[in-house]
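Notes follow the structure.
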Amino acid sequence: MMKSESTAIDVPESGTVSKGKASLMAAPRDGKKGIAIFDFILRLGALVSALAAAATMGTSDETLTFFNQFFQFQASYDDIPTFQFFVIAMAMVAGYLVLSLPFSMVSIVRPHAAGPRSLLLIFDTVTLALNTSAAAAAADIVYLAHNGNATTNWFAICLQFGDFCRKVSGAVVASFASAVAFMLLVVMSGLALRGIKYTHTHTHTMIMEPQSLVLLKSSLLLKIAGSVALTLNTAAAAAAAAIVYLAHNGNQSSNWLAICVQFGDFCQKVSGAVVASFVSVVVFMLLVVISGLALRKQN
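As numbered in the UniProt record's numbering, residues 1 to 299 make up the sequence shown, in order.
Structure (structure tokens):
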């Protein structure tokens, strides 16, 4: 007597599996394109802030109504070297943002093109440091103009030049808005360059490996922490540099005297500290760029 052999036929589930595969494959493209669009909008906002900061500072001046036969009391941004640096730096930031817009548009059209995004990451990091240094240095001088410093006999000039101080304060606020936008741009460049390993099966399904997710999270956290640390380090270094320059050279227009003539050893020590802080800024810039490029190489 012959036994009949049974044949098992596996019927795959049609609806859920295919839809799941399609969503896994389409999600990375849609996510990167959304990041690229937001990147372009953020650059436009940063451009407006940088232009407003440079224009407001560059047109800030005030002449008092009273004067005598020897003096006419006037305050202008070009009386203070830190404000001159601010105008030049923010103009450079605005110029870079204009030049970066075409590359951002390329990232929208081709969201998976890593070349333009890597280039933007490098130059965004450098421009973030420039923007932050200009904003922090100017903010330090604005604070001094508002409050003075009794220890060094640096008097508050905003008691006499109120309109001038309001304009430069507004310029500083706009520059910090631009700096925040650049922080977001640097982090978003890392998100756009993120690399997630996928395993290709015979059905062309893309499955995320758990190890890649851990690497992605650690790299993103490192990049965000590096961007914040770079901003804080640059702000501290630039603010200290502005005061050290004032301590060495003074400012005749504001009647701020150079105190390093009397306190030479003190000024040498703080100058060395400022130099060391700028070395740290350069190191953090390299770390931010390397961590961003490392996300790309995780593919």
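For glycine and all other residues, C-beta sits at the position ideal for the given N, C-alpha and C.
Per the coordinates, the alpha-carbon of VAL106 lies some 15 Å from the alpha-carbon of LEU97. One alpha carbon belongs to PRO81, the other to LEU128, and they sit about 21 Å apart. For ASP140, the enclosing alpha helix (DSSP H) begins and ends at 114 to 147. Less than 8 Å divides the Cβ of ASN153 from the Cβ of LEU257.
Secondary structure note for ARG110: it is in no alpha helix (DSSP H), with a DSSP letter that is neither H nor E. Rounded to the nearest whole angstrom, the C-alpha separation of GLU62 and SER253 is 13 Å.
The three-state reading of DSSP puts SER60 in coil, since its state is none of H, G, I, E or B. Taking 8 Å as the cut-off, the beta carbon of MET90 is found closer than this to the beta carbon of ALA53. Apart from the 5 residues on each side of it in sequence, TYR77 sits with its Cβ closer than 6 Å to the Cβ of MET57, SER60 and PHE83 in its chain, given in chain order. Taking C-beta atoms as the reference points, PHE176 and ALA241 fail to come closer than 8 Å.
Shown here, SER169 sits in a helix according to DSSP, grouped into three states. PHE86 counts as buried, since at least 16 other C-beta atoms from the protein chains shown sit within 10 angstroms of its C-beta.
Secondary structure remark: continuous alpha helix (DSSP H) runs of at least 4 residues inside the UniProt domain "Casparian strip membrane protein" (212 to 283): none found.
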